[in-house]
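To keep things clear, I will list the structure first and then write my remarks on it.
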Amino acid sequence: MRDSSRLTRRAALGLTAAALPLSAAAPASAATASAAAVIGGERLARGGIQVRGATGLPKKITARAWLLADCDSGEVLASYHAHRRLAPASTLKMLFADTVLKKFERTGRYKVKDSDISDVPAGSSLVGIKPGLTYTVEQLWQGVFLRSGNDAVHVLSHMNGGIAKTVAEMQAKAADLQALDTHVVSPDGFDHPGQLSSAYDLTLFARHGLKDDDFRGYCGTRTANFPAGGKKTFQIQNTDRLLTGAWGLDVYKGLFGVKNGYTSHAGNTFTGGATRGGRTLLVTVMHPDPGTNAVYEQTAALLDWGFGKGGSAQSVGTLVDPLSEGGASASASPSKGKGAAGAAGTGAAAGSGSSGPSPWRIAEGGATTLALLGAGAGAWALRRRRRAAGAAAAPDSGDTPAG
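Final position of the sequence shown in our numbering is 491; the numbers increase by one with none missing.
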């Protein structure tokens with residue numbers, strides 16, 4: 089096991105935010121919000137399509153939010169409600185990988201206990217982990233990336249010290265990445281009230297993860313053999329249809345991942361990356377109108393535009409760098425008149441969106457970080473009780489082969 093890097097003060101403060109129930113995260117005052125800079129640039133907080141210097145965007149894009157960016161430069165080439173807060177489904181697993189992936193050597197081995205998967209939500213997508221079997225860390229991550237297995241996420245989370253600790257670390261990682269639209273409730277992306285992200289934040293998670301060779305390797309793997317007990321194995325296939333060409337789609341030329349997601353509450357979400365002619369583009373599409381392949385078709389259409397007519401597009405914003413890597417600090421601010429619609433602290437359910445970025449802030453000052461962190465276990469227990477009470481009514485999957 090490798091030690092995780094030391095948290096910056098800002099990231100540590102983000103950890104305290106994760107330790108609080110959602111209702112405790114207070115929105116900023118209007119004065120603070122109006123003075124704060126929008127993460128990635130002011131245009132990304134506007135409603136409607138944002139594009140400059142290029143024409144011919146695909147007309148049949150029904151997603152509630154989307155973003156297209158150059159992976160290398162970080163320039164946002166076009167977007168639609170980039171900071172709208174929506175339920176992320178299993179695309180949140182990118183943040184999970186950003187947080188936990190480097191903590192364990194891929195050749196390490198772990199024998200799974202019953203308690204490691206006893207808290208996997210009913211209705212979750214599963215890779216098929218069995219208690220009593222020993223898995224390599226590499227196999228567990230293949231379960232996460234290829235099959236979006238919530239059972240694999242929970243095993244790795246327990247290896248990391250538990251669900252509550254992992255959720256808190258993910259929230260701290262989001263703060264360091266300046267993904268301030270994101271509120272983490274569970275590490276697997278399963279539907280929970282208040283679990284939210286945005287097209288902008290999901291693209292940040294992908295861009296950061298792709299800097300790591302293991303992350304890039306896992307998200308681009310099409311098939312793998314998974315332990316079934318003894319010397320037996322079974323094959324698992326990546327659920328990313330643009331990568332594998334499943335469900336009647338062609339393999340998208342140059343695509344290398346990164347993560348898809350589906351729940352009955354969130355609908356479909358997808359962040360995809362592709363390289364052509366020496367240029368690498370990232371696209372995130374969230375919540376398109378229902379359709380068997382809609383999220384993939386709209387991703388492919390935006391990528392086609394980016395590699396074609398979008399070549400002349402001028403930046404409408406930027407994917408910011410992490411604070412721990414020298415990124416300039418900024419705070420998200422809501423768009424005028426609508427910013428609090430999906431704000432933490434309003435009790436908005438997962439999937440309720442606002443056209444602007446999150447108005448909640450990480451409070452600097454007041455009670456000490458350690459004192460707030462002490463509430464983390466209690467906050468998670470409260471969420472668990474709420475989840476159990478609503479489980480019968482909402483047995484949603486963290487990701488399914490249909491998504």
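Every residue gets a Cβ at the ideal spot worked out from N, C-alpha and C, and that includes glycine.
message = Here's the rule I'm using: 16 or more other beta-carbon atoms within 10 Å means buried, otherwise exposed. How should Ile137 be labelled?
response = As a working note, residue 137 is residue 49 in the sequence shown. Result: exposed.
query = What's the gap between the Cα of Leu390 and the Cα of Arg304?
reply = Taking the first residue of the sequence shown as position 1, residue 390 is located at position 302. Taking the first residue of the sequence shown as position 1, residue 304 is located at position 216. So the two alpha carbons sit approximately 21 Å from each other.
key: Boundaries of the alpha helix (DSSP H) in which Phe278 is found, first to last residue   = Along the sequence shown, one-based indexing puts residue 278 at 190. For Phe278, there is no enclosing alpha helix (DSSP H), as DSSP gives it neither H nor E.
ask   = So who's on the other strand from Ser167, going by DSSP bridges?
value = To locate residue 167, count along the sequence shown from 1; it is residue 79. Among the bridge pairs identified by DSSP, Ser167 is matched with Gln138, Leu155.
ask   = Is the beta carbon of Gln259 less than 9 Å from the beta carbon of Val272?
value = As a working mapping, residue 259 is identified with position 171 in the sequence shown. As a working mapping, residue 272 is identified with position 184 in the sequence shown. Pairing Gln259 with Val272 gives a Cβ-Cβ distance under 9 Å.
Entirely enclosed alpha helix (DSSP H) segments - the segment 210-280, minimum 4 residues = Whole alpha helix (DSSP H) segments, 4+ residues: 225-235, 238-247, 251-265.
task = For my contact list, Thr249 and Ile217 are in at a C-beta cut-off of 8 Å; report their separation, rounded to the angstrom.
result = Translated into the one-based positions of the sequence shown, residue 249 becomes position 161. Translated into the one-based positions of the sequence shown, residue 217 becomes position 129. Thr is not the amino acid found at residue 249; the sequence shown has Gly there. Contact between Gly249 and Ile217 fails: their C-beta atoms lie close to 19 Å from each other, not under 8 Å.
key: Pick from Tyr384, Ala401, Gly414, Gly405 that is closest to Thr150, judged by C-alpha positions   = Against the sequence shown, residue 150 aligns to sequence position 62. Of Tyr384, Ala401, Gly414, Gly405, the residue nearest in Cα terms is Tyr384.
task = Would you mind sorting Glu257 into buried or exposed? The rule is 16 or more other CB atoms within 10 Å of its CB.
result = Locating residue 257 in the sequence shown gives position 169, counting from the first residue. Classification of Glu257: buried, given that the 10 Å Cβ count is 16 or more.
task = Tell me, to the nearest whole angstrom, how far the beta carbon of Gly196 is from that of Thr406; I am working on the premise that it is less than 8 Å.
result = Here residue 196 refers to the residue found at position 108 when the sequence shown is read from its first residue. Here residue 406 refers to the residue found at position 318 when the sequence shown is read from its first residue. Between Thr406 and Gly196 the Cβ distance is about 37 Å, and since that is not below 8 Å, they are no contact.
query = Using the C-alpha atoms, what's the distance from Asn381 back to Leu265?
reply = Locating residue 265 in the sequence shown gives position 177, where the first residue counts as 1. Locating residue 381 in the sequence shown gives position 293, where the first residue counts as 1. Rounded to whole angstroms, the gap between the alpha carbons of Leu265 and Asn381 is 30 Å.
ask   = To the nearest angstrom, how far is it from the Cα of Ala133 to the Cα of Val139?
value = As a working mapping, residue 133 is identified with position 45 in the sequence shown. As a working mapping, residue 139 is identified with position 51 in the sequence shown. Approximately 13 Å, taken between the alpha carbons.
ask   = Secondary structure at Phe184, three-state DSSP: helix, strand or coil?
value = If you number the sequence shown from 1, residue 184 lands on position 96. In the structure shown, Phe184 sits in a helix (DSSP, three-state: H, G or I).
query = Taking the DSSP output, what are the residues bridged to Gly317?
reply = Taking the sequence shown and counting its residues from 1, one reaches residue 317 at position 229. Beta-bridge pairing by DSSP links Gly317 to Lys320.
inquiry  = Whole angstroms are fine: how far does the CA of Gly231 sit from the CA of Tyr306?
reply    = Within the sequence shown, numbered from 1, the residue matching residue 306 stands at position 218. Within the sequence shown, numbered from 1, the residue matching residue 231 stands at position 143. Those two C-alpha atoms are separated by around 9 Å.
Residues near Ala401 in its chain [Cβ-Cβ closer than 7 Å; skip 5 each side] = On the sequence shown, position 313 is the one that residue 401 refers to. When the five nearest sequence neighbours on each side are left out, the beta carbons in the same chain lying within less than 7 Å of the beta carbon of Ala401 are those of Val139, Arg140, Gly141, Ala142, Leu165, Ala166, in order along the chain.
request  = Find out if the Cβ-Cβ distance for the pair Thr372, Phe358 is shorter than 9 Å.
outcome  = What you label residue 372 is simply residue 284 of the sequence shown in a count that begins at 1. What you label residue 358 is simply residue 270 of the sequence shown in a count that begins at 1. A contact, by the Cβ cut-off of 9 Å.
request  = Have a look at the DSSP bridge pairing and note the partners of Lys299.
outcome  = Residue numbering aside, residue 299 sits at position 211 when the sequence shown is read from its first letter. Lys299 pairs with nothing; no bridge assigned.
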